Amino acid sequence: MKLEIAVLPGDGIGPEVIGESVKLLEVLGQRYGHRFVFSYADFGGISIDKHGEALTGAALEMCRGCGAVLMGAVGGPRWDDPKAPARPEDGLLKIRKGLGLFANLRPVKVFPMLLDASPLRRELLEGVDFVVVRELTGGLYFGRPKRRWQTARGWRGVDTLLYTEKEIERILRVGFELARQRGKKLTSVDKANILESSRLWRQMATDMASHYPDVELRHILVDACAMRLIQRPAEFDVIVTENMFGDILTDEASVLTGSMGMLPSASLSGVPREGSTAFGLYEPIHGSAPDIAGQGIANPLATILSSAMMLRHSFGLETEAAAVEAAVMRVLESGYRTRDIMSLGRKELSTTDMGKAVVGAL
Numbered sequence: 019m020k021l022e023i024a025v026l027p028g029d030g031i032g033p034e035v036i037g038e039s040v041k042l043l044e045v046l047g048q049r050y051g052h053r054f055v056f057s058y059a060d061f062g063g064i065s066i067d068k069h070g071e072a073l074t075g076a077a078l079e080m081c082r083g084c085g086a087v088l089m090g091a092v093g094g095p096r097w098d099d100p101k102a103p104a105r106p107e108d109g110l111l112k113i114r115k116g117l118g119l120f121a122n123l124r125p126v127k128v129f130p131m132l133l134d135a136s137p138l139r140r141e142l143l144e145g146v147d148f149v150v151v152r153e154l155t156g157g158l159y160f161g162r163p164k165r166r167w168q169t170a171r172g173w174r175g176v177d178t179l180l181y182t183e184k185e186i187e188r189i190l191r192v193g194f195e196l197a198r199q200r201g202k203k204l205t206s207v208d209k210a211n212i213l214e215s216s217r218l219w220r221q222m223a224t225d226m227a228s229h230y231p232d233v234e235l236r237h238i239l240v241d242a243c244a245m246r247l248i249q250r251p252a253e254f255d256v257i258v259t260e261n262m263f264g265d266i267l268t269d270e271a272s273v274l275t276g277s278m279g280m281l282p283s284a285s286l287s288g289v290p291r292e293g294s295t296a297f298g299l300y301e302p303i304h305g306s307a308p309d310i311a312g313q314g315i316a317n318p319l320a321t322i323l324s325s326a327m328m329l330r331h332s333f334g335l336e337t338e339a340a341a342v343e344a345a346v347m348r349v350l351e352s353g354y355r356t357r358d359i360m361s362l363g364r365k366e367l368s369t370t371d372m373g374k375a376v377v378g379a380l
């Protein structure tokens, strides 16, 4: 089977961790009789340096011509000038909107052998295994007007929080469908006590629940959810929420796993129903970490686990996806660690050696 993947290595440690996923997929393809074809393009800061924009039209078209996208993180201090005409993050918004990637899935699973990597007590972390479904192409990040201007009384800035019925309906459906495939519990996060858009969100979630009688729906305010993620994280199964809330909550949830280097993600253009596939973009949730770029100490496991999500959600290769996830588990059980999850009595591996270890565990 020929499977075409667009690869956007990005900035900082992006090329390092993406490289380990590509090596793994090449070996996996040989093992299972698939031919992975990789097409590369610049993305983020490096694209600004070379082409003057974070994502060129040609790169976007290349992505459209493939079955999935594998992407590294973008950004760094050299592109942080707020007055700059182009920023690496512009590419993120452009690719999400351009490819219709409205549903961001971020699984948060605490591996038993990494319980001591988190600052939280072990008893709070046992059994933590949930998925956050984040709406990705609406809300504050995309609403208009969005601008800064100067007045006689000083500078002003405005961002618009806008959601349409269609945008809310499709992301809630993703949440309900995933909950149906998992533990049949869906938590809808909003700020309905303050925001009109959240009141619409809550009303629509309540109405949609009648079509999913097998799924238990509960509503929770975003500030309360932020507390519960630390106090009782094991009570969650599937969380669905709007763009900015999901961005913040999933970064908070990375503390549960001990490191952002353990959290994969998928951004999909369709509803992931059981037995179906959807075009998607796959990336670790961590940043470009320019302070450690080139040192060979970055954790590639989040990117490797993102590749497993790609195999499952975009190519329908459940056996291969499970094999990758099992290989990561075996490596961790064997005591191998990268620096971000290192503890006493474990063996520290470089980025490349961790990638080799996972390949060997296949």
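Our numbering applies: residue 19 is where the sequence shown begins, and numbers increase by one.
We treat Cβ as the ideally placed atom computed from N, Cα and C, and that holds for glycine.
Please read these numbers as outputs of a predicted model, since none were measured by experiment.
Cβ distance (whole Å) where residue i is taken to contact residue j below 8 Å
i, j, result
"R220", "F120", "Incorrect: roughly 19 Å between the Cβ atoms, too far for contact."
"V92", "G62", "3 Å"
"L111", "F160", "7 Å"
"V25", "L88", "5 Å"
"S216", "D208", "4 Å"
"A320", "M280", "6 Å"
"R124", "T268", "5 Å"
"I36", "G90", "5 Å"
"D265", "R152", "7 Å"
"D108", "A72", "5 Å"
"L14", "E185", "A query on residue 14 cannot be resolved here, the shown segment of the chain reaching from 19 to 380 and no further."
"G42", "S325", "Gly is not the amino acid found at residue 42; the sequence shown has Leu there. Contact holds; Cβ gap of about 7 Å."
"V146", "K127", "7 Å"
"A244", "E270", "6 Å"
"P106", "I66", "7 Å"
Element boundaries [alpha helix (DSSP H), containing residue i]
i, result
"V40", "32 to 50"
"N122", "Element bounds for N122: not the alpha helix (DSSP H) but the beta strand (DSSP E), 121 to 127."
"W219", "214 to 227"
"I66", "63 to 69"
"M372", "369 to 379"
Own chain partners of residue i with C-beta closer than 8 Å, once the 5 adjacent residues on each side are dropped
i, result
"D232", "R198, K202"
"F47", "Just to set this straight, residue 47 is Gly in the shown sequence, not Phe. Answer for G47: L21, R53, F54, listed in chain order."
"R250", "L142"
"G363", "G353"
"T182", "G156"
"A3", "The structure shown does not extend to residue 3, since the chain is modelled only from 19 through 380, so no value can be given for it."
"R68", "In the sequence under discussion, the amino acid at residue 68 is Lys, which differs from the Arg named in the question. Once the five neighbours on either side are set aside, the close Cβ partners of K68 are D60."
"T178", "L158, G161, R162, P163, K164"
Distance between residue j and residue i (C-alpha atoms, nearest Å)
i, j, result
"V273", "M80", "35 Å"
"R246", "R49", "43 Å"
"L323", "E144", "20 Å"
"K115", "A104", "17 Å"
"K164", "G298", "27 Å"
"I315", "R355", "10 Å"
"R139", "P282", "23 Å"
"L180", "L158", "7 Å"
"P302", "L367", "19 Å"
"V256", "Q168", "43 Å"
"G85", "P100", "35 Å"
"P290", "L196", "7 Å"
"H382", "G293", "With the chain represented from 19 up to 380, any question about residue 382 goes unanswered, as that position is not in the structure."
"R200", "M278", "23 Å"
"A345", "G378", "8 Å"
"F129", "H304", "18 Å"
"A284", "L350", "23 Å"
"A223", "L190", "7 Å"
"M19", "Y300", "20 Å"
"S228", "V342", "37 Å"
"F148", "A252", "8 Å"
"G193", "L286", "13 Å"
"S361", "I23", "35 Å"
"L213", "I248", "24 Å"
Unbroken beta strand (DSSP E) run spanning residue i, endpoints
i, result
"G1", "Only positions 19 to 380 of the chain appear in the structure, and residue 1 is not among them; the question remains open."
"H237", "234 to 239"
"F254", "It is not in any beta strand (DSSP E) - F254 carries neither H nor E in the DSSP assignment."
"P282", "282 to 286"
"L21", "20 to 26"
"S57", "53 to 58"
"V273", "Looking at the DSSP string, V273 is not in any beta strand (DSSP E); the run it does join, the alpha helix (DSSP H), is 261 to 275."
"L117", "Counting along the chain, L117 falls outside any beta strand (DSSP E), and DSSP gives it neither H nor E."
"A86", "86 to 89"
Close beta carbons around residue i, own chain, < 6 Å, minus the five adjacent residues each side
i, result
"A135", "G276, I359"
"T369", "E34, G314, A316, P318"
"T155", "R114, K115, F120"
"G175", "R166"
"E38", "P318, G373"
"M327", "P282, A284, Y300"
Cut-off 7 Å between Cβ atoms - residues of its own chain near residue i, not counting five sequence neighbours on either side
i, result
"L335", "L329"
"W173", "R166"
"I310", "I31, A316"
"A307", "G30, I31, A316"
For a minimum of 4 consecutive residues, which ranges assigned as the alpha helix (DSSP H) are wholly contained in the segment 291 to 346? You should have 319 to 331.
Which runs of the beta strand (DSSP E) at least 3 residues long sit entirely within the segment 173 to 219? Give them in chain order. Segments of the beta strand (DSSP E) lying fully in the segment 173 to 219: 203 to 208.
Go through the segment 138 to 164 residue by residue and report every complete run of the alpha helix (DSSP H) that reaches 4 residues or more, in order. Counting whole runs of 4 or more residues, the segment 138 to 164 contains the alpha helix (DSSP H) stretches 140 to 143.
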